[in-house]
Amino acid sequence: MTLALAPAPHRFSVITLSESETPAWSTRFGWPAFGDTHLAIDPDANRSILAAQIDDAVLRADRAVLLVAEGLGCFAASWWARLSPSHYVERVAGALLFDPETAEESAARRDRFASPRIALPFPSMVVADRLPGSDPADLSPLTQSWGSRLIAGNRHRTAEASAWRSAQRLVGRLTASVVARDIERGLALRGEG
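Residue 62 is where the sequence shown starts when you use the working numbering, and the numbers rise one by one after that.
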């Protein structure tokens with residue numbers, strides 16, 4: 062008798078946001094270039110249209126959403142998350158934000174997605190490489206304002222069959238640590254920590 066196990070279904074619907082056709086998560090981790098839904102970031106396009114596209118992608122998702130963004134897409138994702146109604150945002154389980162632009166010459170591009178400096182309403186992780194004109198230490202204020210964790214992302218892997226599953230495992234680990242941190246903060250605010 063042979064026992065065959067069906068593969069576990071994907072836990073998240075992956076929505077990707079990037080300008081690049083070869084995003085950092087693809088070259089660094091071997092993940093597919095695009096998720097279940099991909100939104101190309103056009104820095105000159107109307108940001109309200111992008112917000113509507115993200116809303117639509119989130120509403121069409123049949124599972125909890127994992128946002129994966131790169132560069133300017135990180136700021137677009139945070140802008141959307143901070144300003145969208147809760148019934149959209151509560152469907153997002155977490156975000157992986159690759160190489161947010163920090164170089165001074167990118168300030169005008171980032172400012173298009175300016176939003177209140179409050180933590181994102183879901184767990185997030187900033188994956189940073191050493192970029193030209195960028196120091197990972199420059200990301201500290203940004204990751205703090207997003208409520209994100211910062212990890213080094215300067216490794217490179219070849220593609221694997223279950224690439225998005227590895228991203229989902231990464232978010233699972235992040236979620237557990239974020240919950241623990243939030244509990245510690247709550248206890249500290251109540252004077253119990």
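Yeah, the Cβ is synthetic: ideal placement off N, Cα and C, and Gly gets one too.
Asked: Under a three-way DSSP split, which group does L157 fall into?; Found: strand
Asked: Which class does S139 belong to by DSSP, given the choice of helix, strand or coil?; Found: helix
Asked: Considering only residues of the same chain and omitting the five flanking positions on each side of D122, which have a CB-CB separation below 8 Å?; Found: The sequence given here has Ala at residue 122, not Asp. These residues qualify, in order along the chain: S74, I76, D97, T98, R152.
Asked: I need the DSSP call for I244, collapsed to helix, strand or coil.; Found: helix
Asked: Return helix, strand or coil for A94, following the three-state DSSP convention.; Found: coil
Asked: Which class does T83 belong to by DSSP, given the choice of helix, strand or coil?; Found: coil
Asked: Cβ of A142 within 8 Å of Cβ of L181?; Found: yes
Asked: In chain order, what residues of the same chain have a beta carbon less than 7 Å from the beta carbon of E162, not counting five sequence neighbours either side?; Found: G132, L133, R170, R171
Asked: Opposite F73 in the DSSP bridges: which residues?; Found: A125
Asked: In this structure, does DSSP put I212 in helix, strand or coil?; Found: strand
Asked: Looking at C-alpha atoms only, which residue of S87, A125, Q114 is the closest neighbour of R72?; Found: A125
Asked: So for L203, helix, strand or coil by DSSP?; Found: helix
Asked: Identify the continuous beta strand (DSSP E) that holds A189 and give its terminal residues.; Found: 185-189
Asked: With distances taken Cα to Cα, identify the nearest neighbour of W207 among I179, V188, D190, Q114.; Found: I179
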